[in-house]
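Protein chains in written order, with numbering that gives the first Met the number 0: chain A, 0 to 58; chain B, 0 to 166.
The C-beta atom is built at its ideal place from N, Cα and C for all residues, glycine as well.
This one's a predicted model, so the numbers in the text were calculated from it and none came from an experiment.
Remarks on the structure that follows.
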Amino acid sequence: MDIYQTILAIYPDLQDSDFETVISLRNDSDGRGDYIEKWDHPVHAEPTEEQLIQAGWTK
Amino acid sequence: MTILIDGTSGITYPQGATQIVGAGPAFSAYASASQTVTTATQTKVAIDTENFDTNSNFDTTNYRFTPTVAGYYQVNGSLRGTGTTTFTSIAGYIYKNGSPSKRAQITASLTAGNNTSITVSDIIYMNGSTDYLELWGNINGTGTLTFTSANSTDQTSYFSACLLRGA
């Protein structure tokens with residue numbers, strides 16, 4: 000799964016609007032892949048890379 | 000400031016002279032290859048091929064314009080996107096110094112495989128030393144999402160800027 004799908008698998012109640020406001024995903028096109036650039040969600044904690052991988056993220 | 004006038008070259012202004020554009024920096028570049036992206040993820044567009052770069056201020060490795068003359072620049076970016084399953088929106092951003100500065104976005108429910116484009120432009124002040132600009136984009140959809148590229152004579156994802164006015 001990509002990073003977006005993986006985050007939704009961990010927190011199914013997240014909305015698309017959250018990814019335009021309190022959560023920002025980025026890819027710098029430098030070969031390092033996608034990453035969480037900002038996480039300001041008021042309820043859910045930012046998942047760690049280990050949690051993402053355990054949830055199915057194929058980095 | 001010295002303005003040179005001769006019978007061969009006409010009038011020559013100093014580069015970047017205050018309120019005179021003269022031979023200020025200008026570049027145009029495009030993405031030579033398509034780029035697969037992740038939904039809801041802001042991604043730097045790999046603008047890797049120059050049409051022209053008058054002052055060698057565009058970096059085709061980091062896809063970044065860092066003008067060495069301070070002033071106000073007309074900046075333009077366009078990207079085309081497609082999705083193999085669903086495609087719901089596309090956004091284009093001009094990033095200044097690593098953060099979003101300008102955004103254009105459209106919502107479009109496209110048939111799988113169809114393309115749509117977004118263009119973002121504005122006039123942006125650059126300090127002529129450390130300020131830099133990049134073109135970024137974002138697609139929301141499912142399946143394989145792509146910033147597409149055609150070829151050098153039919154450029155579909157491109158980025159350009161030129162000095163309008165000195166600082």
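Exposed unless 16 or more other CB atoms sit within 10 angstroms - verdict on residue i
i	result
residue 79 of chain B	buried
residue 62 of chain B	buried
residue 139 of chain B	buried
residue 88 of chain B	buried
residue 51 of chain B	exposed
Alpha-carbon to alpha-carbon, residue j and residue i
i	j	result
residue 73 of chain B	residue 9 of chain A	43 Å
residue 107 of chain B	residue 113 of chain B	11 Å
residue 42 of chain B	residue 99 of chain B	11 Å
residue 173 of chain B	residue 27 of chain B	In the structure as shown, chain B begins at 0 and stops at 166. Residue 173 of chain B is therefore absent and cannot be evaluated.
residue 32 of chain A	residue 158 of chain B	22 Å
residue 123 of chain B	residue 58 of chain A	35 Å
residue 91 of chain B	residue 135 of chain B	6 Å
Which residues DSSP lists as bridging residue i, in chain order
i	result
residue 139 of chain B	B/88
residue 29 of chain B	B/48 and B/157
residue 99 of chain B	B/94
residue 43 of chain B	B/135
The alpha helix (DSSP H) enclosing residue i, as first and last residue numbers
i	result
residue 49 of chain A	48 to 53
residue 17 of chain A	17 to 20
residue 7 of chain A	2 to 9
Assumed close pair residue i, residue j - CB separation to whole angstroms, cut-off 8 Å
i	j	result
residue 24 of chain A	residue 84 of chain B	The Cβ separation is near 19 Å, so there is no contact.
residue 59 of chain B	residue 47 of chain B	5 Å
residue 67 of chain B	residue 145 of chain B	Residue 67 of chain B to residue 145 of chain B, Cβ: 34 Å. No contact.
Boundaries (first-last residue) of the beta strand (DSSP E) holding residue i
i	result
residue 36 of chain A	33 to 38
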